[in-house]
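In terms of full-length UniProt numbering, the sequence shown opens at residue 1 and continues consecutively.
The C-beta atom is built at its ideal place from N, Cα and C for all residues, glycine as well.
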Amino acid sequence: MRGMTIQALSTKEKNYKILDNLMVGIRMEENPYSLTIDSIFSMAARNNPKRSFLFVSKLIGKHIPVLPNVPLITGFLLASRLAELWGLSVGKETIRHAVASLSAGVNNEFHPPSYSFPGKALFIGFAETATALGHAVFSSCTGNINFLHTTRENLEGNHDTIYFTEDHCHAPDQRCLICQGSIMKDNDLLVLVDDEITTGNTCLNIIETLQQKYPQKRYVILTILDWRSDEAMAKYRQVEGVLGVKIDVLSLLKGRFWYQGEAPVIPQSPIAPEEGMPCVRSLYKEMGFQVATVLPDGSKVSYLGYTGRFGVGVKETKQALLRAKEIGYELLQVRKGKKTLCLGTGEFMYIPCLIAKYMGEGIMVQSTTRSPVHPYLGTDYAVKYAINFEDPHNPDVKNYIYNIPPNYYDEVFVFWERKVVPEQVKPFVQALHKLGIENIVFVYFTDGAGGVSNRTNC
Numbered sequence: 001m002r003g004m005t006i007q008a009l010s011t012k013e014k015n016y017k018i019l020d021n022l023m024v025g026i027r028m029e030e031n032p033y034s035l036t037i038d039s040i041f042s043m044a045a046r047n048n049p050k051r052s053f054l055f056v057s058k059l060i061g062k063h064i065p066v067l068p069n070v071p072l073i074t075g076f077l078l079a080s081r082l083a084e085l086w087g088l089s090v091g092k093e094t095i096r097h098a099v100a101s102l103s104a105g106v107n108n109e110f111h112p113p114s115y116s117f118p119g120k121a122l123f124i125g126f127a128e129t130a131t132a133l134g135h136a137v138f139s140s141c142t143g144n145i146n147f148l149h150t151t152r153e154n155l156e157g158n159h160d161t162i163y164f165t166e167d168h169c170h171a172p173d174q175r176c177l178i179c180q181g182s183i184m185k186d187n188d189l190l191v192l193v194d195d196e197i198t199t200g201n202t203c204l205n206i207i208e209t210l211q212q213k214y215p216q217k218r219y220v221i222l223t224i225l226d227w228r229s230d231e232a233m234a235k236y237r238q239v240e241g242v243l244g245v246k247i248d249v250l251s252l253l254k255g256r257f258w259y260q261g262e263a264p265v266i267p268q269s270p271i272a273p274e275e276g277m278p279c280v281r282s283l284y285k286e287m288g289f290q291v292a293t294v295l296p297d298g299s300k301v302s303y304l305g306y307t308g309r310f311g312v313g314v315k316e317t318k319q320a321l322l323r324a325k326e327i328g329y330e331l332l333q334v335r336k337g338k339k340t341l342c343l344g345t346g347e348f349m350y351i352p353c354l355i356a357k358y359m360g361e362g363i364m365v366q367s368t369t370r371s372p373v374h375p376y377l378g379t380d381y382a383v384k385y386a387i388n389f390e391d392p393h394n395p396d397v398k399n400y401i402y403n404i405p406p407n408y409y410d411e412v413f414v415f416w417e418r419k420v421v422p423e424q425v426k427p428f429v430q431a432l433h434k435l436g437i438e439n440i441v442f443v444y445f446t447d448g449a450g451g452v453s454n455r456t457n458c
């Protein structure tokens, strides 16, 4: 079986042959910042009956490891698209610097000025892939603005819950947790952020739901990839007319794709625990802003408030950056390796990315995911290695981590929003150790109802 063959028809067209049986073709139509296709995504097959292939992003730090500044710069570029719509000044030289930084291969400092929004706005990032991307867009702006990310966490408590579906996804149920109704009211603009839209139905689902309960004046959808067909774009115009609200879509790359064939279904067996447990050091890091909530079984838990799951403003985001910088320098002193992976978990991506930025050289970041992708050792194929394990807080949910080559990293920091004891994910820890990673560190930020400790289980 061959992994993938790429045929470049022109600078704007490419064909991808994936795992022998599947052909995907793309045509680029709009590329406002002249990004190369190869710098944005690669291709892989996946176990999903609705679409058996995936545009695997090279910009968000999910399936493919990236330098810590890459998701942050990508957020700035999307914010720049929004600023252009607002009529704000967008420096061409700053954009060129940002685009060059994405492919520079070094974690260089990039501190562009924030775009000041003249009215009141709410930014919403989609879980789980775009939680960090949405937060990075929000952090590139300032003014009377707030940020919220959707969640797949089933939580109860003193908040209003808005339900909607992500039709094409392996985990379609999404929620918005509204703790403060004020962030939903009197907005001049509501911005939805995702890494990719194909039909755009997920965005329409949440817009239609929001308009019933928290009607907005105008929507803007920011996405790295916009693959909508003429039919899908016509549906947007139809929804605009029915709801009486303007919906703009801005992207870093707009185009079309077609495909023929299907990828084979290749089940991945869960990793069985073995005898013995590698040494794992566990560190608790206080960030000072926790949100107490309740699980469906009635047990009380705490989440980190700075993530945006419950809503944050500019003030909280600046506080998170300052504390993340401190923690990054603290973990730099803990580091033992020269090639270190900073691994976020699920929706918990943005804070780990910020921390990793200050942990020194030789750092890469990525996150676990619920997305089942076929690993294959083929040239240009996006996902070459895979580990699967049960979610420590939701044992029925399978998680994956991709693209950790054997004997490449000598150290990994795994960032958990809520405390995880290494024994809860024993097969995961053993798999990391088998890959030649000698130094494994768990970093967690909330501990539920119990106490906290910095400990080692050796």
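Per DSSP, the beta bridge partners of T345 are F348.
The stretch 347-354 and the stretch 394-409 do not touch, with fewer than 3 CB-CB distances between them shorter than 8 Å. If you check the CB distance, T142 and S116 come in under 8 Å. For the pair V421 and I440, the CB atoms are not nearer than the 8 Å cut-off.
E109: not part of any alpha helix (DSSP H); DSSP gives it neither H nor E. Excluding residues up to 5 positions away in sequence, I327, V443 and F445 lie with their Cβ nearer than 7 Å to the Cβ of K285 in the same chain.
With a threshold of 16 other beta carbon atoms within 10 Å, D194 meets it and is buried.
Y329 carries a helical assignment under DSSP once its states are collapsed to helix, strand and coil. For the set S251, D160, N154 and V245, the Cα lying nearest the Cα of V301 is the one of N154. Residue range L22 to E30 is occupied by the beta strand (DSSP E) that includes V24.
Within the same chain, Cβ atoms closer than 7 Å to the Cβ of G157 are found at T293 and V294, the five residues on either side in sequence being excluded. Q174: member of the beta strand (DSSP E) spanning D173 to I178, first to last residue.
When DSSP states are grouped into helix, strand and coil, K120 belongs to the strand group. Within the stretch 122-163, the runs of alpha helix (DSSP H) at least 4 residues long that lie entirely inside it are, in chain order, 131-139. A residue is called buried once 16 or more other Cβ atoms fall within 10 Å of its Cβ, and K426 is buried on that count. In the displayed model, V291 falls within a strand according to three-state DSSP. At the C-beta level, P65 and L341 come within 8 Å of one another.
It is roughly 21 Å from the alpha-carbon of E240 to the alpha-carbon of F126. By DSSP's assignment, T446 forms a beta bridge with R418. Contact between A382 and V56 holds: their C-beta atoms lie close to 4 Å from each other, under 8 Å. About 7 Å separates the CB atoms of A98 and P112; that is less than 8 Å, so the two are in contact.
Under the three-pair Cβ rule at 8 Å, the stretch 241-258 counts as touching the stretch 220-228. Nearest to K384 by alpha-carbon distance, out of R370, Y400 and D391, is Y400. Here Q174 is buried. Its C-beta has 16 or more other C-beta atoms within 10 Å. Inclusion of Q180 and G311 in the CB contact set at 8 Å is warranted, their separation being smaller than that value. Going by beta carbons, I178 and H149 fall outside the 8 Å limit. The three-state secondary structure of W258, taken from DSSP, is strand. Going by beta carbons, Y259 and M28 fall outside the 8 Å limit. Within the same chain, M28, E30, N31, L35, I37, I40, I224, L225 and D226 come within 8 Å of L253 by CB-CB distance, once the 5 residues on both sides are set aside.
In this structure, the alpha-carbon of Y214 lies about 11 Å from that of L190. When only Cα atoms are considered, P392 and R96 end up about 42 Å apart. Exclusion of the five residues before and after Y402 leaves H63, V383 and A386 as the residues of its chain whose Cβ lies within less than 6 Å of its Cβ. The count of Cβ pairs closer than 8 Å, one atom from the stretch 43-52 and one from the stretch 372-381, reaches three, so the stretches are in contact. The DSSP-derived three-state label of R335 is coil.
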